[in-house]
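Student: First the structure, which I've put down as structure tokens, then a few questions once you've had a look.
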Amino acid sequence: MSEPEMTELVQRIVEEALLGGPRRFNRTQVAELSGVPESESRRLWTALGFPANSEEAVDYAQIDIDSVSTFRGMKVVAASNLRQQAAAARTIGQGLARLAEWQADLVLAEVKVRAEAADPALPVAERIRAAAEDTLAEVEQLQAYVWRRHLVAAIARSIDDAGDGSTRTLAVGFADMVGFTRLTRHLHPDELSTLLEAFESTTTAAITDNGGWVIKNVGDEVMFAAENAVDAARIALAIQESTMLVGGTPELRVAFAYGEVLQRFGDLYGSVVNIAARLTGVARPANILIDDAAAEALADHPEFAIRHLRSVRVRGFNRLRPHRLRRA
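Numbers 1 to 328, taken from the UniProt record's numbering, label the letters of the sequence shown in order.
Structure follows, in structure tokens:
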């Protein structure tokens, strides 16, 4: 069997293993069998990030029908309007789409390696099917474990917070690499990948080791949050200090602000977030800037030294007063 034929066979068998069988239904049939109107199921489908093909296209398996019914069967979802349902589906879809893009090559490679190592006396399709089932089961188990641990931590943070569930008092910060755009023009893709991996691994360790959590990574920037200004200050200092130890990593700008934020589907919004972003933009390389509320919360703390700077004018804020944070 040629390599292209092998790849096509692996792809087909892996797809059937993931979907629990072949595609057998069109969109109209999904609506009839799930009990969810076609217009609603189509909206949820596209919100999850999948293209809505023609009504006659046989794109769906039994797993799609079951999942639509399960999603609509959740009491909180059923009580919400279509816009809120679509927003929830969109958030789930966007998060898992990034994970799936990363996992695709890994899964296919693992299935191929296991199939080639299996008993050669067995038919090729049988070897691939067994390898696919074993690989997917292990990936799914690991994925479920990580999700459960993150959900435990998120629930604990939600319960500990005294807010109404949508607004919380948090410290929100950013760290970004200085001159990243210019640097990428001179880097080989492998070097760029190594640089991003070093940045993400060191910043993630600094954030989680000091009681915070990563909101998102966007290229050369990481957004993080912490329950209080003290943890955020330790995170900011740890980020600057840890990245200095990694050779070839550009200097960073780090800033955070403290106050009430809107929490929506795992992301954070509000003036506190905007202030933190603006402070990051005006920070000098290797410096850490904080806002008034954070400076007040950290006043007289023995670990930190704060220097008050002159007010600056930035987009959206006529007078924004930064404060430089250092170790005492």
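Here a beta-carbon is modelled for each residue, glycine too, at the ideal position from N, C-alpha and C.
1) Flag this pair as touching only if the segment 298-307 and the segment 262-278 have three or more C-beta atom pairs under 8 angstroms; answer yes or no.
2) Select from Ile-235, Arg-182 and Arg-98 the residue whose C-alpha is nearest the C-alpha of Leu-48.
3) At what residues does the beta strand (DSSP E) containing Asn-26 begin and finish?
4) Would you kindly check if the distance between the Cβ of Leu-289 and the Cβ of Pro-322 is under 7 angstroms?
5) Please name the residue, chosen from Arg-264, Arg-129 and Ala-233, that lies closest to Ser-166 on a Cα-to-Cα basis.
6) So for Gly-93, helix, strand or coil by DSSP?
7) From Arg-253 to Gln-103, what distance separates their C-alpha atoms?
8) Applying the criterion that 16 or more other CB atoms from any shown protein chain within 10 Å of the CB defines a buried residue, is Ala-236 buried or exposed?
9) Residues in the same chain with beta-carbon distance under 7 angstroms from Arg-310, minus the five sequence neighbours each way, listed in chain order, please.
10) Please list, in chain order, all residues of the same chain as Gly-211 whose beta carbon is under 8 angstroms from its beta carbon, the five residues on each side excluded.
11) Measuring alpha carbon to alpha carbon, tell me which residue in Ala-132, Ala-283 and Ala-293 is nearest Val-314.
12) Tell me the DSSP secondary structure of Val-312 in three-state form.
13) If you count every other CB in all the chains shown that lies within 10 Å of the CB of Val-105, and 16 or more means buried, which is it?
14) Going along the chain, which residues of its own chain have a beta-carbon closer than 6 angstroms to the beta-carbon of Asp-164, five neighbours each way excluded?
15) If we require 4 or more residues per run, which alpha helix (DSSP H) segments fall completely within the segment 215-249?
16) Unbroken beta strand (DSSP E) runs of length 3 or more, entirely within the segment 141-199: which are they?
17) Answer with yes or no whether the minimum CB distance from Val-282 to chain D is below 7 angstroms.
18) Give the DSSP-derived three-state secondary structure of Val-139 in the structure shown.
19) Relative to the alpha-carbon of Leu-262, which residue among Thr-204, Ser-158 and Val-222 has its alpha-carbon at the smallest distance?
20) Could you give the residue range of the alpha helix (DSSP H) that holds Phe-71?
21) Whole angstroms are fine: how far does the CA of Glu-56 sit from the CA of Phe-71?
22) Which of helix, strand or coil does DSSP assign to Val-36?
Tutor: Reading it off the structure:
1) Taking a contact to require three or more Cβ pairs closer than 8 angstroms, the segment 298-307 and the segment 262-278 do not qualify as touching.
2) Arg-98
3) Counting along the chain, no beta strand (DSSP E) covers Asn-26, and no H or E run does either.
4) yes
5) Arg-264
6) helix
7) 31 angstroms
8) buried
9) none
10) Ala-226, Glu-227, Asp-231, Arg-234 and Ile-235
11) Among Ala-132, Ala-283 and Ala-293, the Cα nearest to that of Val-314 belongs to Ala-283.
12) strand
13) Looking at the sequence itself, residue 105 is Asp, so the reference to Val does not match. By the neighbour-count rule (16 or more Cβ atoms within 10 Å), Asp-105 is not buried but exposed.
14) In this prediction, Asp-164 has a pLDDT of 49, which is less than 50 and means its spatial position is unreliable; nothing more can be read from the coordinates.
15) 229-244
16) Within the segment 141-199, the complete beta strand (DSSP E) segments at least 3 residues long are 167-177, listed from N- to C-terminus.
17) Of the protein chains in the structure, only one exists, and it is not chain D.
18) helix
19) Ser-158
20) Looking at the DSSP string, the run of the alpha helix (DSSP H) that includes Phe-71 is 62-73.
21) If you take the alpha carbons of Phe-71 and Glu-56, they lie about 24 angstroms apart.
22) coil
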